[in-house]
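One structure is given here, and the rest of the page talks about it.
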Amino acid sequence: MTKMTGVQILFQALQEEGVTTIFGYPGGAVLDIYNELPKTDIKHILVRHEQGAVHAADAYARASGGVGVCLVTSGPGATNTVTGIASAYMDSVPVVVLTGQVPRHLIGNDAFQEVDIVGITRPCTKHNYLVTDIKDIARIIKEAFHIARSGRPGPVLIDLPKDLMTMTAEYKPLKAVSLRSYRPTYNPNLKQLDKVIKLIKSARKPMILAGGGVLLSKGSDALTAFAKKTNMPVAATLMGLGVFPTKSRLWLGMIGMHGTYRANMSSGECDLLIAIGVRFDDRVTGKIDVFAKKATIVHVDIDPTSIQKNVPVAIPVVGDCRITLELLNELLDKEDPATIHRQRRAWLDQIEEWKNTKPLAYEQKDEIKPQYVIEKLYELTKGDAIITTEVGQNQMWTAQYYNFDRPNCFITSGGLGVMGFGLPAAIGAQLARPDKLVVDIAGDGSIQMNIQEMATAVQYGLPIKVAILNNQYLGMVRQWQEMFYDKRYSHTDMQFAPDFVKLAEAYGAVGLRAVKPEEVEPVLKEGLFNKKTVIMDFQVEREEKVYPMVPAGAPITDMLLV
Numbered sequence: 008m009t010k011m012t013g014v015q016i017l018f019q020a021l022q023e024e025g026v027t028t029i030f031g032y033p034g035g036a037v038l039d040i041y042n043e044l045p046k047t048d049i050k051h052i053l054v055r056h057e058q059g060a061v062h063a064a065d066a067y068a069r070a071s072g073g074v075g076v077c078l079v080t081s082g083p084g085a086t087n088t089v090t091g092i093a094s095a096y097m098d099s100v101p102v103v104v105l106t107g108q109v110p111r112h113l114i115g116n117d118a119f120q121e122v123d124i125v126g127i128t129r130p131c132t133k134h135n136y137l138v139t140d141i142k143d144i145a146r147i148i149k150e151a152f153h154i155a156r157s158g159r160p161g162p163v164l165i166d167l168p169k170d171l172m173t174m175t176a177e178y179k180p181l182k183a184v185s186l187r188s189y190r191p192t193y194n195p196n197l198k199q200l201d202k203v204i205k206l207i208k209s210a211r212k213p214m215i216l217a218g219g220g221v222l223l224s225k226g227s228d229a230l231t232a233f234a235k236k237t238n239m240p241v242a243a244t245l246m247g248l249g250v251f252p253t254k255s256r257l258w259l260g261m262i263g264m265h266g267t268y269r270a271n272m273s274s275g276e277c278d279l280l281i282a283i284g285v286r287f288d289d290r291v292t293g294k295i296d297v298f299a300k301k302a303t304i305v306h307v308d309i310d311p312t313s314i315q316k317n318v319p320v321a322i323p324v325v326g327d328c329r330i331t332l333e334l335l336n337e338l339l340d341k342e343d344p345a346t347i348h349r350q351r352r353a354w355l356d357q358i359e360e361w362k363n364t365k366p367l368a369y370e371q372k373d374e375i376k377p378q379y380v381i382e383k384l385y386e387l388t389k390g391d392a393i394i395t396t397e398v399g400q401n402q403m404w405t406a407q408y409y410n411f412d413r414p415n416c417f418i419t420s421g422g423l424g425v426m427g428f429g430l431p432a433a434i435g436a437q438l439a440r441p442d443k444l445v446v447d448i449a450g451d452g453s454i455q456m457n458i459q460e461m462a463t464a465v466q467y468g469l470p471i472k473v474a475i476l477n478n479q480y481l482g483m484v485r486q487w488q489e490m491f492y493d494k495r496y497s498h499t500d501m502q503f504a505p506d507f508v509k510l511a512e513a514y515g516a517v518g519l520r521a522v523k524p525e526e527v528e529p530v531l532k533e534g535l536f537n538k539k540t541v542i543m544d545f546q547v548e549r550e551e552k553v554y555p556m557v558p559a560g561a562p563i564t565d566m567l568l569v
């Protein structure tokens with residue numbers, strides 16, 4: 008065995024986990040780590056704010072299918088990561104956050120830049136560690152990556168006291184991890200699956216609700232096969248978009264507060280709801296005691312604590328989404344598909360009628376409609392791009408009008424809804440997938456939350472594109488104020504804003520602007536095919552609203568359509 012310093016052990020363990028990229032920001036407590044970093048093969052991306060580091064690591068994980076890693080200093084460096092950690096936790100994203108800590112003998116003494124980051128993040132991490140012995144570093148790194156990527160994925164934080172980094176110890180590589188108290192269930196109970204098959208055979212109005220868990224399990228192909236075998240229509244949550252081909256006649260669209268008319272109505276009329284990899288968020292269910300009231304509900308999820316948590320279900324199935332779907336497909340191969348398909352004809356005709364009478368629609372006139380920008384973006388990219396978003400109206404219009412036909416091409420902050428997510432997320436996605444076009448669809452309010460990360464994108468020559476739907480409002484909040492607060496527009500006017508073209512140029516990026524509908528396509532073409540970092544400022548109709556919309560506390564079948 009070789010004697011190594013704590014920081015050498017740290018990097019050796021990280022490289023054994025396949026880490027090639029770290030997003031970070033240096034500071035006093037991590038100086039020894041940064042001193043060793045150039046001696047490794049790991050690429051470090053210097054962000055401009057620690058929140059951006061976690062968002063970038065989050066998107067890197069989603070786009071690459073691996074684990075994202077970030078490194079920050081103690082105190083404010085650590086606390087600045089909390090929003091990003093909470094977002095990754097709610098969206099079940101595998102991220103490992105390395106935080107510096109003051110030397111062990113100063114912990115608890117209110118030392119300079121000391122905080123109890125383990126205590127602070129305990130509610131929003133899957134697990135976290137304070138390392139107290141140099142001999143534990145390798146083991147803890149191994150465990151952290153195992154916990155982050157297995158079962159229901161999530162963020163893990165490791166707090167590293169500064170004095171441990173310069174101590175020496177013998178390094179012994181670990182081959183495997185065995186945690187007696189942590190054993191995720193991957194294979195479902197087959198007796199439960201037999202019950203599901205019986206329900207499928209008898210149902211007349213079934214539907215599938217697919218969530219982010221299907222994408223995390225790499226179960227999109229199995230889901231598509233399952234839907235075709237059963238002739239069941241498929242709706243998706245916001246986090247599940249990209250899980251099912253949008254051109255299929257079985258596609259219902261997104262469900263929930265801003266879901267399609269046909270998806271929401273189907274949930275109210277179905278007699279069987281098979282929910283896979285979802286957590287029944289309130290934005291999905293609306294008034295929970297009337298959600299899918301006519302349906303027998305089957306809930307498939309790898310996290311047993313998610314089942315029965317928000318919605319009572321008839322058949323709980325604990326297991327990996329992909330494995331469960333593949334087993335269901337095997338069982339369905341023994342059934343007569345013609346009989347199953349015949350039972351769905353009237354139901355699918357009803358759904359087609361809902362689709363044709365109440366489609367997603369807008370009318371493009373003199374001012375630029377934000378929906379038009381997104382439709383043109385989809386047309387020009389042919390859907391072959393990774394799209395990140397900020398949060399607000401821009402996020403919902405993207406979910407509605409950009410047809411996500413591929414898994415892991417839509418990266419957004421779903422559960423926490425973090426403004427400022429999209430730009431650092433675009434950076435992380437671009438680094439994970441340098442072969443792909445990456446576009447952040449933003450609002451003029453949310454883009455300013457982490458606009459400093461433009462410097463990161465330009466420094467590393469990342470050709471990300473930012474499309475700002477600029478209505479000079481905090482648009483979603485303004486929409487609620489108009490509709491439910493008698494048009495009392497309290498502090499949502501954002502007309503005092505930077506010139507985004509000049510701002511782009513100040514960062515060394517390309518700035519473009521469209522103020523008329525006929526300028527949208529030329530600006531998109533120029534921006535998308537430019538090899539530099541680009542901001543495209545689309546000055547859209549100021550008071551355009553997101554429809555459909557379900558008022559807070561109402562059933563999702565009670566939609567406002569205009």
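Position in the sequence shown (first residue = 1) + 7 = my numbering. Just so you know, even glycine gets a beta-carbon here, dropped at the ideal spot from N, CA and C. This structure is a prediction, so every number in the text was calculated from the model and none was measured.
Rounded separation between residue i and residue j - CA only
| i | j | result |
| --- | --- | --- |
| K316 | A68 | 27 Å |
| A95 | D65 | 6 Å |
| N196 | L335 | 11 Å |
| K179 | Y408 | 52 Å |
| F417 | A433 | 11 Å |
| R349 | P252 | 22 Å |
| I454 | I394 | 15 Å |
| N238 | M214 | 9 Å |
Enclosing alpha helix (DSSP H) for residue i [first to last residue]
| i | result |
| --- | --- |
| L78 | No alpha helix (DSSP H) contains L78, which is instead part of the beta strand (DSSP E) from 75–79. |
| R146 | 144–156 |
| P344 | 344–349 |
| H265 | Taken as a continuous stretch (DSSP letters only), H265 belongs to no alpha helix (DSSP H), as it is neither H nor E. |
| I165 | Unbroken run through I165 is the beta strand (DSSP E), 163–168; no alpha helix (DSSP H). |
| A125 | The question names Ala, but residue 125 is Val in the sequence shown. It spans 124–128 - the alpha helix (DSSP H) in which V125 sits, taken as one unbroken run. |
| P83 | 83–86 |
| I330 | 328–339 |
Where residue i falls: helix, strand or coil (DSSP)
| i | result |
| --- | --- |
| E548 | coil |
| G435 | helix |
| I475 | strand |
| L568 | coil |
| A242 | strand |
| Q371 | coil |
| L137 | strand |
| R520 | strand |
| V37 | helix |
| T572 | For the chain, the structure presents residues 8 to 569; residue 572 sits outside this window and is missing. |
| I29 | strand |
| D117 | coil |
| V102 | strand |
| P366 | coil |
| I458 | coil |
| Y379 | helix |
| P323 | strand |
| A176 | strand |
| P562 | strand |
| V557 | coil |
With 16 other Cβ atoms within 10 Å as the buried cut-off, status of residue i
| i | result |
| --- | --- |
| D340 | exposed |
| V104 | buried |
| H153 | buried |
| M490 | exposed |
| L181 | exposed |
| Y268 | buried |
| Y496 | exposed |
| H62 | buried |
| N116 | exposed |
| Y492 | exposed |
| H112 | exposed |
| D39 | buried |
| S227 | buried |
| N135 | buried |
| K494 | exposed |
The beta strand (DSSP E) enclosing residue i, as first and last residue numbers
| i | result |
| --- | --- |
| M308 | Rather than Met, the amino acid found at residue 308 in this sequence is Asp. Segment 303–308, the beta strand (DSSP E) holding D308. |
| F18 | Unbroken run through F18 is the alpha helix (DSSP H), 13–23; no beta strand (DSSP E). |
| K50 | 50–53 |
| V445 | 445–450 |
| A183 | Here A183 belongs to no beta strand (DSSP E), and DSSP marks it neither H nor E. |
The ligand GDP heavy atom lying under 7 Å from the CB of residue i
| i | result |
| --- | --- |
| T28 | As for the ligand GDP, it is missing from this structure, which has no ligand bound. |
**Request:** Write down every uninterrupted run of the alpha helix (DSSP H) in the region 479–534 whose length is 4 residues or greater and which is fully enclosed by it, in chain order.
**Result:** 482–491, 507–513
**Message:** Give the list of continuous alpha helix (DSSP H) stretches no shorter than 4 residues that lie fully inside the region 181–222.
**Reply:** 197–209
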